[in-house]
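This report refers to the structure that appears directly beneath it.
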Amino acid sequence: MSRSSTAVIDRVAPVATVHGATKRYPGVLALDNVAFSIAPGEVRALLGKNGAGKSTLIRLLTGATEPDDGEVLIGGRALTGSGPQRTIEAGRLGVRAVYQELSLIPSMSIAENLFLGHWPSRGGVLAHGEMDRRSRETLGGLGLDLDPSRKVETLSPAERQLVEIARVLVGEPKIVILDEPTSSLAAAEVELLFKAVRKLAAAGIAVIYVSHRMAEIRQIAASATVMRDGKVAGTVEVAGAATSEIVRMMLGHDAQEEHLVETALGGAVVLEVAGLVSRPKVAGVDFVLRRGEVLGFAGLLGVGRTELLRGIAGLAPVQAGTVTMNGRDVTALPYARRVREGLGFTPESRKEDGILPLLGVDENIVAADFSKVTAFGVISAPRKTAMARGIIERMGIKTARTGTPIGTLSGGNQQKAVIGRWIYADATILLLDEPTRGVDVEAKLQIYGIIRDLAASGRSVIFVSSELEELPNVCDRVLVLKEGRFVAEFLAPDIRTEGLMAACL
Amino acid sequence: MTALTGTNAAPRRSFRLGTLEMNEVGLLVILALLYVGFGSTTNGFISANNQLSILRDGASIAIAAWAVTLIIIAGEIDVSVGPMVAFTSVCLAFLLQGHVPVLLAIVAALAIGGALGTIAGILRAYFGMPSFVATLGLWSALRGLAFFSTNALPVTFPDNDFLDSLADEWLGIPASAVIMLVLFAVFTFISRKTAYGRSVFAIGGNASAAELCGIPVARIRVLLFTTSGAMAALAGVLLTARLGSGNAGTASGLEFDVIAAVVIGGTSLSGGRGSMLGTLLGVFVITLIGNGLVLRGINPFFQEVVRGVIIVVAVLANTLVTRVREARRGLR
Numbered sequence: 001m002s003r004s005s006t007a008v009i010d011r012v013a014p015v016a017t018v019h020g021a022t023k024r025y026p027g028v029l030a031l032d033n034v035a036f037s038i039a040p041g042e043v044r045a046l047l048g049k050n051g052a053g054k055s056t057l058i059r060l061l062t063g064a065t066e067p068d069d070g071e072v073l074i075g076g077r078a079l080t081g082s083g084p085q086r087t088i089e090a091g092r093l094g095v096r097a098v099y100q101e102l103s104l105i106p107s108m109s110i111a112e113n114l115f116l117g118h119w120p121s122r123g124g125v126l127a128h129g130e131m132d133r134r135s136r137e138t139l140g141g142l143g144l145d146l147d148p149s150r151k152v153e154t155l156s157p158a159e160r161q162l163v164e165i166a167r168v169l170v171g172e173p174k175i176v177i178l179d180e181p182t183s184s185l186a187a188a189e190v191e192l193l194f195k196a197v198r199k200l201a202a203a204g205i206a207v208i209y210v211s212h213r214m215a216e217i218r219q220i221a222a223s224a225t226v227m228r229d230g231k232v233a234g235t236v237e238v239a240g241a242a243t244s245e246i247v248r249m250m251l252g253h254d255a256q257e258e259h260l261v262e263t264a265l266g267g268a269v270v271l272e273v274a275g276l277v278s279r280p281k282v283a284g285v286d287f288v289l290r291r292g293e294v295l296g297f298a299g300l301l302g303v304g305r306t307e308l309l310r311g312i313a314g315l316a317p318v319q320a321g322t323v324t325m326n327g328r329d330v331t332a333l334p335y336a337r338r339v340r341e342g343l344g345f346t347p348e349s350r351k352e353d354g355i356l357p358l359l360g361v362d363e364n365i366v367a368a369d370f371s372k373v374t375a376f377g378v379i380s381a382p383r384k385t386a387m388a389r390g391i392i393e394r395m396g397i398k399t400a401r402t403g404t405p406i407g408t409l410s411g412g413n414q415q416k417a418v419i420g421r422w423i424y425a426d427a428t429i430l431l432l433d434e435p436t437r438g439v440d441v442e443a444k445l446q447i448y449g450i451i452r453d454l455a456a457s458g459r460s461v462i463f464v465s466s467e468l469e470e471l472p473n474v475c476d477r478v479l480v481l482k483e484g485r486f487v488a489e490f491l492a493p494d495i496r497t498e499g500l501m502a503a504c505l
Numbered sequence: 506m507t508a509l510t511g512t513n514a515a516p517r518r519s520f521r522l523g524t525l526e527m528n529e530v531g532l533l534v535i536l537a538l539l540y541v542g543f544g545s546t547t548n549g550f551i552s553a554n555n556q557l558s559i560l561r562d563g564a565s566i567a568i569a570a571w572a573v574t575l576i577i578i579a580g581e582i583d584v585s586v587g588p589m590v591a592f593t594s595v596c597l598a599f600l601l602q603g604h605v606p607v608l609l610a611i612v613a614a615l616a617i618g619g620a621l622g623t624i625a626g627i628l629r630a631y632f633g634m635p636s637f638v639a640t641l642g643l644w645s646a647l648r649g650l651a652f653f654s655t656n657a658l659p660v661t662f663p664d665n666d667f668l669d670s671l672a673d674e675w676l677g678i679p680a681s682a683v684i685m686l687v688l689f690a691v692f693t694f695i696s697r698k699t700a701y702g703r704s705v706f707a708i709g710g711n712a713s714a715a716e717l718c719g720i721p722v723a724r725i726r727v728l729l730f731t732t733s734g735a736m737a738a739l740a741g742v743l744l745t746a747r748l749g750s751g752n753a754g755t756a757s758g759l760e761f762d763v764i765a766a767v768v769i770g771g772t773s774l775s776g777g778r779g780s781m782l783g784t785l786l787g788v789f790v791i792t793l794i795g796n797g798l799v800l801r802g803i804n805p806f807f808q809e810v811v812r813g814v815i816i817v818v819a820v821l822a823n824t825l826v827t828r829v830r831e832a833r834r835g836l837r
């Protein structure tokens with residue numbers, strides 16, 4: 001083993017190289033003169049906060065994006081195409097990517113999925129024998145003993161992930177990019193994935209492993225490239241780097257935090273969760289939420305934050321434990337009843353589960369409790385408008401009319417309306433799952449302000465975010481979720497991004 | 506901070522006569538063209554008698570179509586309308602044959618329709634069965650049951666004054682058309698002004714968001730099909746009154762006229778969008794075409810072809826108009 005990964009690259013011709021790549025998007029410098037290279041058989045971890053430039057770098061390698069400046073070489077050949085042509089070119093040169101969202105067709109067999117769209121055939125008839133044989137070879141190459149004729153829907157999440165990886169091996173890959181491959185896996189399943197990754201590396205395939213779970217990175221990757229603000233902050237040998245060093249590289253030294261929270265407050269307990277188990281992600285969680293408190297949940301992608309929130313809300317099946325709201329045991333109550341007890345929940349996928357896109361802002365707000373604006377089921381238009389206007393003003397929602405279809409508003413304004421809906425409904429316990437995802441910086445600040453106002457008015461908020469920098473801004477207290485349990489607690493004003501991140505990794 | 510541009514906020518939404526939706530304007534144009542076309546070429550098309558007949562024909566489609574409009578707005582479908590009408594008509598006739606008081610018999614027929622619809626609704630809402638399949642089952646079973654129980658013979662019953670009045674005219678307008686228009690007002694009100702109606706739109710637009718708002722999605726889905734069954738039964742009652750007997754083979758293919766009228770009216774089959782006014786116009790487009798072609802003496806088989814083409818063209822025109830409008834508005 002050489003002393004540093006750059007030394008490896010010097011000796012062997014790199015399989016992929018990025019030279020001086022710069023990429024601008026409107027208002028953002030996504031990549032700033034980035035250099036990157038990876039050798040055959042190398043497993044490289046790629047780390048960085050949201051927006052650090054990881055995805056753009058990956059898109060350069062897969063040909064999904066062209067750099068404004070600089071060049072991308074795969075196997076020594078520069079990518080020259082543009083548009084879809086470039087992706088095809090990169091694919092032909094051996095670049096494969098496996099993304100977080102699984103793209104298998106559940107109702108089809110493993111073999112059919114492996115060759116999706118390129119089924120081997122003779123005279124227009126599918127050659128099942130050949131397909132099964134080649135599938136068995138590919139699966140065997142990953143150390144997988146699965147019957148290729150099994151339907152994908154019968155597989156476990158880990159097996160599906162592995163089939164997804166097996167799919168990229170059909171053809172001759174030179175470099176495989178795995179984007180947060182363990183985020184949908186339970187801890188026990190991760191080892192299966194590692195085995196497969198080691199086989200890939202042994203076969204001389206370069207692997208880029210995007211993840212932030214340091215424990216996993218230490219097991220699987222020799223070196224790690226850390227990105228920050230569109231630049232490569234450094235490439236280190238994993239064995240020689242302390243986690244704190246990597247955290248510092250990710251955050252930079254000038255991480256400045258604007259603290260909205262001075263002291264941790266705490267009134268009466270409004271929500272008590274004891275021994276909550278919601279398989280497979282939540283393995284026994286205890287905490288209390290107090291009146292007027294903003295409680296943050298931190299944790300890596302896929303660690304089970306959303307599953308925990310849904311368990312608390314009554315939206316996911318719970319195998320053990322109790323949820324007590326305002327002194328009343330609500331464990332057996334369905335979600336809709338908990339809402340009537342004062343719960344409010346905003347989902348992380350605003351577009352899919354949050355907004356009623358074709359209805360007006362006003363109706364999106366009053367839908368949380370029609371009874372406040374109806375008499376005998378008939379909606380009073382003036383009351384609806386007045387109520388909605390109150391929320392629109394309080395939340396600072398920018399909309400032409402109260403009745404403008406919410407689907408036409410910006411993400412930030414949609415999110416404010418989705419939160420505002422629960423204020424209208426007089427919810428006292430708000431569960432906000434990633435409320436700042438996909439909203440612009442100004443809207444983020446407004447949402448922080450709104451959350452603090454809610455706390456000041458005696459409501460209690462659980463704030464889930466994968467952007468750790470946000471948590472010190474809004475939270476009185478932060479709990480860190482890891483492997484299904486809370487492993488650390490931070491109290492304002494001693495909530496620091498670095499400490500949080502170290503506890504998460 | 507607030508950006509409500511105050512002045513034009515309130516009045517546009519309230520009640521729009523001057524601001525018809527684009528597709529509704531399009532349908533009015535189509536209706537006008539049909540009137541001009543048939544009026545100038547077909548004798549007797551414009552006559553008062555024929556207008557009443559158009560109203561009467563439209564009524565049986567429309568009464569079922571109001572409820573089906575809500576179902577389609579909620580992102581569901583009901584294909585059981587025709588057999589439901591036939592079956593409840595047979596039930597009503599049997600009840601009257603057995604000398605059950607007429608009002609009681611009518612209420613019982615409506616209840617039977619509602620109950621059968623409820624079954625489809627429960628299958629959809631609580632067992633996750635696609636509504637197409639649930640109502641297709643009803644479609645087949647009810648038609649079969651109607652024929653089976655009557656041996657395909659009309660079921661006659663003693664003359665009945667109340668039922669006759671339903672087949673008659675009230676103040677010069679067919680009773681069924683009056684009922685249709687009253688129900689139009691009721692359903693328009695429900696769809697626009699009640700929590701139930703708006704919840705239907707919410708469910709059709711984004712069911713999982715509606716669920717997270719605490720809207721009782723399953724219960725509303727059941728109620729939609731209950732209503733649809735009861736409305737089909739009402740159409741069955743009116744048809745029985747008009748025919749003077751219960752007929753197992755009646756209202757054949759009515760479900761397709763209903764769905765076509767709703768879709769021509771601009772209600773989106775993917776849910777979340779639609780209006781009663783659109784359906785009303787759609788009903789008249791369908792009825793006018795049928796009526797005009799009959800009066801012109803077109804070969805009945807060829808009538809079906811013309812109807813098919815006109816339905817597709819109307820919906821296509823509608824889709825294109827909507828697309829242009831949305832592109833202009835900058836919606837995706």
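Chains as they are written, first to last, in the numbering used here: chain S, 1 to 505; chain U, 506 to 837. We put the beta carbon where it would ideally sit given N, CA and C, even for glycine. Quantities reported herein were computed from a predicted structural model and do not represent experimental measurements.
Exercise. Mind checking whether S/Val277 and S/Gly284 have CB atoms under 8 angstroms apart?
Worked result: yes
For this session: With 8 angstroms as the threshold, decide whether the Cβ of S/Val379 is near any Cβ in chain U.
Result: In the sequence as presented, Val is not what sits at residue 379 of chain S; that position holds Ile. Yes, contact with chain U.
Exercise. So U/Val595 and U/Trp644 are in contact, right, with Cβ under 8 angstroms, and what is the actual spacing, rounded?
Worked result: No, U/Val595 and U/Trp644 are not in contact; Cβ-Cβ is about 15 angstroms, not under 8 angstroms.
For this session: Identify the continuous beta strand (DSSP E) that holds S/Thr346 and give its terminal residues.
Result: 343-346
For this session: Take S/Leu491 as the anchor and find which of S/Val294, S/Ala427, S/Gln446, S/Glu189 has the nearest alpha-carbon.
Result: S/Val294
Exercise. Helix, strand or coil: which one does DSSP assign to S/Leu46?
Worked result: strand
For this session: Using a Cβ cut-off of 8 angstroms (strictly closer), state whether S/Asp440 contacts chain U.
Result: no
Exercise. Since U/Val575 and U/Leu729 are thought to touch, with beta carbons under 8 angstroms apart, how far apart are those beta carbons, to the nearest angstrom?
Worked result: In the sequence as presented, Val is not what sits at residue 575 of chain U; that position holds Leu. Rounded, the Cβ-Cβ distance is 6 angstroms, consistent with contact.
For this session: Would you kindly work out how many angstroms separate the C-alpha atoms of S/Glu159 and S/Asn326, rounded to a whole number?
Result: 42 angstroms
For this session: Would you mind telling me which residues of chain U sit closer than 9 angstroms to S/Asp453, beta carbon to beta carbon, in chain order?
Result: Those do not exist, as S/Asp453 stays about 13 angstroms from chain U at its closest Cβ, beyond 9 angstroms.
Exercise. Which term fits U/Leu621, buried or exposed, when burial requires 16 or more other beta carbons within 10 angstroms of its beta carbon?
Worked result: buried
Exercise. Which residues, in chain order, does the region 710-724 of chain U contribute to contact with chain S at a C-beta distance below 7 angstroms?
Worked result: Gly710, Asn711, Ser713, Ala714, Ala715, Leu717, Cys718, Gly719, Ile720, Pro721
Exercise. Skipping 5 residues on each side, what residues in its chain have a beta carbon closer than 8 angstroms to that of S/Val373?
Worked result: Val366, Ile379, Ser380, Arg383, Lys384, Met387
Problem set entry | Member of U/Ile816, U/Val799, U/Ala819 whose CA lies at the smallest distance from the CA of U/Phe543 | U/Val799
Exercise. Under a Cβ-count criterion, where at least 16 other Cβ atoms within 10 Å of its own Cβ denotes burial, should S/Gln319 be classed as buried or exposed?
Worked result: exposed
For this session: Measure the alpha-carbon distance for S/Pro173 versus S/Gly27 and round it to whole angstroms.
Result: 35 angstroms
Exercise. Where does S/Asp32 sit, in a helix, a strand or coil, going by DSSP?
Worked result: strand
Exercise. Closer than 9 angstroms, Cβ to any Cβ of chain U: which residues of the region 418-448 of chain S, in chain order?
Worked result: Val418, Arg421, Ala425, Gln446
Exercise. In three-state terms, what does DSSP make of S/Ala255?
Worked result: Caution applies to S/Ala255, whose pLDDT of 47 falls short of 50 and renders its modelled position unreliable; the model cannot decide the point.
For this session: Taking the CB atoms as reference points, tell me whether S/Asp286 and S/Val303 lie closer together than 8 angstroms.
Result: no
Exercise. Under the rule that 16 or more other beta-carbon atoms within 10 Å means buried, what is S/Asp426, buried or exposed?
Worked result: exposed
For this session: Select from the region 355-373 of chain S all residues with a C-beta closer than 9 angstroms to any C-beta belonging to chain U, and list them in chain order.
Result: Ile355, Leu356, Pro357, Leu358, Leu359, Gly360, Asp362, Glu363, Asn364, Val366, Ala367, Ala368, Asp369, Phe370, Ser371, Val373
For this session: Check whether the Cβ atoms of S/Arg213 and S/Leu505 sit closer than 8 angstroms, and answer yes or no.
Result: yes
Problem set entry | Sequence-distant residues of the same chain with beta carbon closer than 7 angstroms to U/Phe592, five excluded per side | Leu647, Leu650, Ala651
Exercise. If we ignore side chains and look at the alpha-carbon of each, how far apart do U/Thr784 and U/Thr772 end up?
Worked result: 8 angstroms
Problem set entry | Residues sharing a beta bridge with S/Met227, DSSP | S/Val232
Exercise. Distance, Cα to Cα, U/Pro659 vs U/Gly770?
Worked result: 34 angstroms
Exercise. Where do the N-terminal and C-terminal ends of the alpha helix (DSSP H) with S/Ile165 fall, by residue?
Worked result: 157-169
Problem set entry | Straight-line Cα distance separating U/Ile720 from S/Gln256 | Note that S/Gln256 scores a pLDDT of 49, beneath 50, so its modelled location is shaky; the value from the coordinates is reported in the next line. In a straight line, the C-alpha of S/Gln256 is about 43 angstroms away from that of U/Ile720.
Problem set entry | U/Tyr631 - containing beta strand (DSSP E), residue span | It is not in any beta strand (DSSP E) - U/Tyr631 instead sits in the alpha helix (DSSP H) that spans 607-632.
Exercise. Going along chain U, which residues have a C-beta under 9 angstroms from S/Glu352?
Worked result: Asn711, Ser713, Ala714
For this session: Would you tell me roughly how many angstroms separate the C-alpha atoms of U/Ala464 and U/Ala537, rounded to the nearest one?
Result: Lying before the first or after the last residue shown, residue 464 of chain U is absent from chain U, which here runs from 506 to 837.
Exercise. How about U/Asn823 and U/Gly531: are their beta carbons less than 8 angstroms apart?
Worked result: yes
Exercise. Would you say S/Val339 reaches chain U, if we count a Cβ-Cβ gap shorter than 8 angstroms as a contact?
Worked result: yes
For this session: Specify, as a first and last residue, the run of the beta strand (DSSP E) that S/His19 falls within.
Result: 16-25
Exercise. Whose Cβ in chain S lies nearer than 7 angstroms to the Cβ of U/Arg648?
Worked result: Result: empty, since nearest Cβ-Cβ is about 32 angstroms, beyond 7 angstroms.
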